[in-house]
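The structure under discussion appears below in the form of structure tokens.
Protein chains in written order, with our numbering: chain A, -14 to 415; chain B, 2 to 460.
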């Protein structure tokens, strides 16, 4: 992909700024990434980073409750926010006439959000409904992003449930919110991204106007979440009252996403070789030839690649019929990994994966929301938004030997296996 | 909780300068002209090709009316969609996948009671290869016995998974309650029907129903729309039949029978699904109706969301939106709520329906939905895939790109009186039928007390 114009600079208060002008459509995307995610929330406050994300929409000094939504939407725009392991993002996509409005809205809540007991209580209820909808009331809810980490990891930041337990959510206080904001939501701990149809000089002026007087506070010391690799196969089990079929989540550690990008990319290519498309190794063998599973997928990250610093997780998830013993599935998986470890895949097999990746990066770039968020998260995690435009080439440069080495590292004695048991099956065995 | 000396929430929430005014909107530039061709191939296939060269990709959507009244049709069509890409006379399943992968491409198939849709994309410079694979599949899919047998097994297992999803359960209950046994209700086939589908039946269905006449192909991307038509005549010329693709029989007009409480024992959350007859995009009153719906529950700043989510915390998800089926339209209101909040949420949902007609949107509220309707159309069509989705939705009801281009002006011209009329005409609580799926043991008494509620599985 051609490297489009990218302007990067830092305001006096420490706010990093990424500008990516592109006049192909009269729309603009604005995002703010804060360098705090659910791995930073303290024990006893599981789910707090996500709950706090909800509160950031509930009003600020110049904006009554609900005003944020109304101003974005009455400008013809859309908005959202999301909480990830290592960052939290907020964004708007709007007709380009509304650029200044979006900057105003983001600056106002960065400067002076209204953190009230009433809004906190209301959003605790809303978040509980979100958890009921996405986890408790559906089959495979939270699989594997909530259920696999506690098997693979042993420290609280890596292992705990980022959606949070209801008791922890209910015990959150307004003072917790104030402390969290003052610690993590400083301009020096954030990245502002503007992408789409605007003129750079004008955008710089508007950014200075609105964000320039947000007072500097030091960015917090970023903790290390490192923990030792597993030295044996770890097993865990959850019962799922809604699931009709058993499932497995297999988690492995992977190379440091930041300091060993090429090593990390080799795992991504391996994921494609394993499960991307009908011709991939595990689709062919486990879905079609033998067949042992209903569906299978492999990938990096709890929600996708490039979302977290070290440690990050390589996951394989699958759903299999009751009558297929899970040990048979695992044996077939290990057998396929061993084949790749012994015989590196050929050029064409890699090209299939990298060509699809290149195409999907084009499509992602074409959607302004994804483009804005990708630039912001790469600036935050990698200190370099332009890496987004070089990913496809770096991925194409991954060698078959590197893919083979990645497969070799996915050893049974260094992984976690989470077993999801349908409740009915569990009862039969008791 | 982390910084030892932090400000209080009150200190954080105010600055010495005080609240600041909202900046005005700037000057809006219009979207660029889209060069496009809207034509019919000699085989009767309508093609809408649009040049949108934002990235070097092309997006393809092929929409084929695919109704059938045979009892086994839902199962057979589902097996067909699962196996249409598993081999042709020229390529086996793995070769199809490899050829598409090497051009950064993909094709997927999906089916429902109304239509079969093939969705795909590829690097634009590889469009000829992409079309060659597409044409090969349309004219030469072989449906090998072993592929059918395997996909049937997977389908049975996936159906089992799907039938445990609360949203699937609620959708089936809603379809049965509002449309009885109309073919439109058979969205997820029965596992026992899938089990008896034969390869011969699938091949026969392809012969009988995968037809170009009455179907629409949308191509959007870094392409030359004129040149692509000639290419298509060559590649898809062999895909031909005298018959037309099969359309769904008309849906019965919805009237407002009672809301049905459908029991789901032990559920921690209930699904509220209401529905009422409205008019489609072709109706002159559609733009006013669209704005009335946005104000009711069609966007986040709507009355429904502000009431039952932001004000009362009953739900995470509340929404109202249109469902278009072959020239007709209904509006659906959806909310998932905790069991104990279900009856109050239904009460408020009905209250807001009534209020929309009695105290209709005007002033800022109307301008807000107007700007949202215009602006969200602009943002949602700014990508190739977004535009492809919009154009397909229009083309499948006989409309074209012109509708998209002219719609902002229609929305801009809507008057407050027209919105008030649409609100009163379409959003009264008595016009809405629907279901609530949830723990009847807890819900029954309170819901019955609300009135216009019956209990039990739909007949």
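We treat Cβ as the ideally placed atom computed from N, Cα and C, and that holds for glycine.
Check                                                                                                                                                                                         : Outcome
Could you tell me the distance, in whole angstroms, from the CA atom of residue 29/A to the CA atom of residue 64/A?                                                                          : 30 Å
Using 8 Å for Cβ pairs, my map puts residue 247/B next to residue 66/B. What's the rounded Cβ distance?                                                                                       : 6 Å
List, in order along the chain, the chain B residues whose C-beta lies closer than 7 Å to that of residue 58/A?                                                                               : 300, 301, 302, 369, 373
Which of helix, strand or coil does DSSP assign to residue 174/A?                                                                                                                             : helix
I need the straight-line Cα distance from residue 359/B to residue 425/B, nearest angstrom please.                                                                                            : 7 Å
Whole angstroms is fine: what's the gap from residue 431/B's alpha carbon to residue 352/B's?                                                                                                 : 11 Å
Excluding the 5 residues preceding and the 5 following residue 354/A in the sequence, name in chain order all residues of the same chain whose CB lies nearer than 7 Å to its CB.             : 14, 76, 78
Considering only residues of the same chain and omitting the five flanking positions on each side of residue 274/A, which have a CB-CB separation below 6 Å?                                  : none
Please work out which residues of its chain come closer than 8 Å, Cβ to Cβ, to residue 70/B, disregarding the five sequence neighbours upstream and downstream, and give them in chain order. : 184, 250
What does the alpha-carbon distance come out to for the pair residue 87/B and residue 121/B?                                                                                                  : 15 Å
What residue does the alpha helix (DSSP H) around residue 87/A start on, and which one ends it?                                                                                               : 84 to 96
To which residues of the same chain is residue 91/A closer than 6 Å at the C-beta, ignoring the five residues directly before and after it?                                                   : 17
DSSP state of residue 222/A, grouped into three classes?                                                                                                                                      : strand
Are the C-beta atoms of residue 229/A and some chain B residue less than 7 Å apart?                                                                                                           : yes
Comparing the C-beta of residue 331/B with each C-beta of chain A, is any distance below 7 Å?                                                                                                 : no
Helix, strand or coil for residue 352/B per DSSP?                                                                                                                                             : helix
Extract the residue ranges of the alpha helix (DSSP H) inside the region 360 to 391 of chain B, only unbroken runs of 4 or more that lie entirely within it.                                  : 364 to 381
Give the secondary structure of residue 218/B by DSSP, where H, G and I count as helix, E and B as strand, and everything else as coil.                                                       : strand
Return the CA-CA distance between residue 361/A and residue 168/A, expressed in angstroms with no decimal places.                                                                             : 20 Å
Per the DSSP calculation, residue 206/A is bridged to which residue(s)?                                                                                                                       : Note: residue 206/A sits in no beta bridge, so no partner.
Taking residue 409/B as part of the alpha helix (DSSP H), name the residues at either end of that continuous run.                                                                             : 402 to 414
Does chain B have any CB closer than 7 Å to the CB of residue 65/A?                                                                                                                           : no
Would you call the region 45 to 54 of chain B and the region 161 to 172 of chain B touching, i.e. three or more CB-CB distances under 8 Å?                                                    : no
Sort out for me which residues DSSP pairs residue 303/A with in a bridge.                                                                                                                     : 233/A, 281/A
Let me know if residue -3/A comes out buried or exposed under the rule of 16 or more other beta-carbons within 10 Å of its beta-carbon.                                                       : exposed
In chain order, which alpha helix (DSSP H) runs of at least 4 residues are fully inside the region 119 to 159 of chain A?                                                                     : 134 to 137, 141 to 144, 151 to 155
Are residue 69/A and residue 292/A closer than 7 Å when you measure CB to CB?                                                                                                                 : yes
Based on the DSSP output, what are the partners of residue 121/B in its beta bridges?                                                                                                         : 61/B, 108/B
Return no unless some Cβ of chain B is closer than 7 Å to the Cβ of residue 23/A.                                                                                                             : no
Tell me the rounded alpha-carbon separation between residue 287/B and residue 281/B.                                                                                                          : 7 Å
Please state whether DSSP places residue 1/B in a helix, a strand or coil.                                                                                                                    : Here chain B comprises residues numbered 2 to 460, so residue 1/B is not present and cannot be evaluated.
Would you tell me roughly how many angstroms separate the C-alpha atoms of residue 415/A and residue 152/A, rounded to the nearest one?                                                       : Legend: pLDDT at residue 415/A = 27, less than 50; position of this residue unreliable, value from coordinates given subsequently. Each residue's alpha carbon lies about 29 Å from the other.
Using only alpha-carbon positions, find the residue among 395/B, 369/B, 19/B, 72/B that is nearest to residue 191/B.                                                                          : 72/B
Between residue 398/B and chain D, is any beta-carbon pair separated by less than 7 Å?                                                                                                        : Looking at the structure shown, chain D is missing, and the protein chains on hand are A and B.
Short check: CB of residue 80/A to CB of residue 379/B, under 7 Å?                                                                                                                            : yes
List, from N- to C-terminal side, the alpha helix (DSSP H) runs of 4 residues or more that fit wholly inside the region 32 to 100 of chain B.                                                 : 74 to 84
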